[in-house]
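In the order they appear, the protein sequences are chains E and W. When we follow the working numbering, the leftmost residue of the first sequence carries the number 1, and every step to the right adds one. When we follow the working numbering, the leftmost residue of the second sequence carries the number 1001, and every step to the right adds one.
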Amino acid sequence: MPINSSEYLQILPFLILGLGIVISTLFEMYYKNSENFLPWFSAILFLVTGAIALTGLHDQTVLFGGMLAAGGKSAIFHFIFNLGAAIVVMSSVNYLNKYGANFGEYYILLQSSVLGMMMMSAARDIFMIFMGLELMSICFYVLAGINRKKASANEASMKYFLLGAFATGFIVYGIALIYGSAQTTSIDAIVNNFSALTDNVIFIVGFAILLIGFSFKIAAFPFHMWVPDVYQGSATTVTGLMSTTGKAAAFSVLIAIMTAIFSENIPNTFVDYFAALATLSMLFGSIVAIAQDNLKRMLAYSSISHAGYMLIGLSAGNESSVAGIIFYLAAYAFMNLGAFAVISVIEGENDSNTELNAYAGLNSKSPVMAFFMALFMFALAGIPPMAGFFGKYYVFIAAIEADLTWLAVVGVFSSAISVYFYLRVVVYMYFKESEYDFIIQKNNSGMFAVMVSGLLVLVFGILPDTLLTQILSVINY
Amino acid sequence: MNSIPIEYYLILSAFMFTVGVTGVLIRRNAIVIFMCVELMLNSANLTMVAFSSYLGQSAGQIFVFFVMTVAAAEAAVGLAIIIAIFRNKLTVNIDEINIFKW
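Structure follows, in structure tokens:
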């Protein structure tokens, strides 16, 4: 198949980010003190890549013989990944200095992981998905343990690595069986032939194994056991990246496969699987999070229940539900990144001040941080007019349209439970006396990251239509 | 040329995959668990090569190279992580690596 040179213009975001990674690596090799320069370089690189990805929004094409898609949904995902990563970079600098782990490699790994996510969300071939997934995951294994002298970071990194590699084993075996039974790895070709393939036992087994592998990556209930430990032990800023953009990347793959299947008017045969996973994740995450005293661990369980809300959208399987998931992922990315950025500012040395009682009376120590933390907690709880409310609203409405009212009811019930543990943080910050004194280190770039996330959460919440109409305009079924 | 039926390869690779999954679930040494994960990846490789030869397509064999490269990268990162944890805890038994409850 001949490759048209103009195709390279359409993958400009990939090329720029890839070039940035090469430049960063060379710079890191030959200059001392590269860690003072690389954060700014990476932040600008991410913003430029995200902006260029967004300019190609309405220019949807399939490139390189059906390997990559440009524009459309993938452009929106690229924008979310890059903006999220830029926020993470801003909140990282001072945080890493607290642990003496401000290495130049950290920023190179961030850039590579974002390149992997971009490949995942643009892939039109299951093998491209695998390559992107591994690029992202391997970077995450290292990033999780970037505080390499800390035993808890090592432990989190190892648990993430072992269970992540286990999930990868499932995904590769699933891909191998799908390839053998469908005789192709192109998603479009597989979907065109889908109804014939569902009679093939090997294909069904392969597809089921692939879905199980991705259920690990999105942290849905029966496959969630790594989430609390990894999120608690990893560097806080990295946890923010893994829980938002990492989850969004895994969902982008499920969305790409599932929208192709829905668009062929094949009955949604996966509704039972996704609905069961959604119900269990929502209830388990919300109920167990109540018992957590560590804020990072609490947000890990909340991340499991948010995966459940997004899975409602996949079980509904119509146009508005897919738009709802993408909106939810964007909203969740910024509210969760903001919450983790606040935690990384408050956190002291050796994991101190991540417990709930450190937040008692935070309003008197740092009113700005307390205000933004309250904002993110309201958003995560889904209280209007924050972005989180509209994410849940669109997904629940889509479920009702698809005759899954019971699932929406479970979702509302689970949100009601989750209000308790989110608002407990707010109550601690505003209505409790400070239990012990600590100094919050000055952290201007972290503060900036928190403010940008807060602003985005408010903008998406007050003007949800601006984002939703863009998403709906590019979902071509 | 193609005298061994495809089913034999599929059964062997399914068996390898099962051994890998079982090993991950029951073994307690981090390095042995990692070897079991490699076994899972290799069972997928065997499946792809077998299908590739059966279907007369070269795609499956090319994928195997990608999978092997990824597995090598994963091994480099994974062993480094295991060494880092061994320096801190002087053990790689996952039952003793328990700051957090599993």
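The beta-carbon is built from N, C-alpha and C at its ideal position, and this holds for glycine as well. Bear in mind the structure is a predicted one, so any value in this text is a computation, not a measurement.
- Close to valine 1070 of chain W, with beta-carbon spacing below 7 Å, are these residues of chain E in chain order: Glu134.
- Residues are counted here when their Cβ sits less than 8 Å from a Cβ of chain E; for the stretch 1045-1074 of chain W these are Asn1045, Thr1047, Met1048, Ala1050, Phe1051, Tyr1054, Leu1055, Gln1057, Ala1059, Gly1060, Phe1063, Phe1066, Val1067, Val1070, Ala1073, Glu1074, given in chain order.
- The beta-carbon separation of alanine 387 of chain E and alanine 399 of chain E, rounded to 19 Å, does not stay under the 8 Å limit for a contact.
- Contact check for phenylalanine 130 of chain E against valine 1067 of chain W passes: the beta carbons are separated by less than 9 Å.
- The beta-carbon of phenylalanine 1100 of chain W is placed less than 9 Å from the nearest beta-carbon of chain E.
- Nearest to tyrosine 173 of chain E by alpha-carbon distance, out of E:Gly206, E:Leu197, E:Thr185, is E:Gly206.
- Chain-order list of chain W residues neighbouring threonine 25 of chain E: empty, with the shortest C-beta distance near 15 Å, by a criterion of under 9 Å.
- Assignment of threonine 185 of chain E by DSSP, reduced to helix, strand and coil, places it in the coil class.
- The continuous stretches of beta strand (DSSP E) do not include alanine 220 of chain E, and DSSP gives it neither H nor E.
- Serine 157 of chain E has a beta carbon lying within less than 9 Å of a beta carbon in chain W.
- With a contact defined as Cβ atoms closer than 8 Å, serine 445 of chain E and methionine 90 of chain E qualify at about 5 Å.
- Only residues of its own chain outside the window of five on either side were considered, and among them Ala144, Gly145, Ile146, Asn147, Gly233, Ser234, Ala235 have a CB closer than 8 Å to the CB of alanine 153 of chain E, listed in chain order.
- Here leucine 68 of chain E carries a strand assignment [DSSP, helix/strand/coil].
- DSSP lists E:Ala69 as the beta-bridge partner residues of valine 62 of chain E.
- Taking the CA atoms as reference points, alanine 101 of chain E sits about 13 Å from proline 39 of chain E.
- Against chain E, the CB of valine 1019 of chain W has no partner CB under 9 Å away; the residue lies outside that interface.
- Contact annotation, alanine 43 of chain E with alanine 122 of chain E: C-beta distance approximately 22 Å; criterion of less than 8 Å not satisfied.
- Fully enclosed alpha helix (DSSP H) runs of no fewer than 4 residues occupy 362-365, 367-381, 387-401 of the stretch 323-404 of chain E, in order along the chain.
- Non-local C-beta neighbours of phenylalanine 103 of chain E in its own chain, meaning closer than 7 Å and more than five positions away in sequence, comprise Glu35, ordered along the chain.
- Proline 228 of chain E: member of the alpha helix (DSSP H) spanning 227-233, first to last residue.
- Between alanine 249 of chain E and the set E:Ser344, E:Asp437, E:Ile80, E:Asp465, the nearest pair of CA atoms involves E:Ile80.
- Burial is judged here by how many other beta carbons sit within 10 angstroms of a residue's own beta carbon; histidine 58 of chain E has fewer than 16 and is exposed.
- Put simply, of E:Ile383, E:Tyr231, E:Thr259 the residue whose alpha carbon is nearest the alpha carbon of glycine 246 of chain E is E:Tyr231.
- Taken atom to atom, the span from the alpha-carbon of leucine 19 of chain E to that of isoleucine 1081 of chain W is near 28 Å.
- For the set E:Ala151, E:Lys149, E:Ile171, the Cα lying nearest the Cα of serine 137 of chain E is the one of E:Ile171.
- Residues of chain E whose Cβ lies closer than 9 Å to the Cβ of valine 1037 of chain W are, in chain order, Leu162, Ala165, Phe166, Thr168, Gly169.
- Against chain E, the beta carbon of valine 1077 of chain W has neighbours under 8 Å at Ile138, Tyr141, Val142, Phe161, listed in chain order.
- At least one CB atom of chain W sits nearer than 9 Å to the CB of alanine 151 of chain E.
- Pairwise C-beta distances place the stretch 339-355 of chain E in contact with the stretch 445-458 of chain E, as three or more of them are shorter than 8 Å.
- Lysine 296 of chain E is classed as buried because its beta carbon has at least 16 other beta carbons within 10 Å across all chains shown.
- Contact between leucine 83 of chain E and glycine 56 of chain E fails: their C-beta atoms lie close to 16 Å from each other, not under 8 Å.
- At least 9 Å separates the CB of alanine 122 of chain E from every CB of chain W.
- Under the Cβ distance rule, valine 288 of chain E does not count among the residues neighbouring chain W, no pair being separated by less than 9 Å.
- Nearest CB-CB separation between phenylalanine 1015 of chain W and chain E: not below the 9 Å threshold.
- Contact of isoleucine 1026 of chain W with chain E is not assigned, every C-beta pair being separated by 9 Å or more.
- Rounded to whole angstroms, the gap between the alpha carbons of tyrosine 99 of chain E and valine 142 of chain E is 16 Å.
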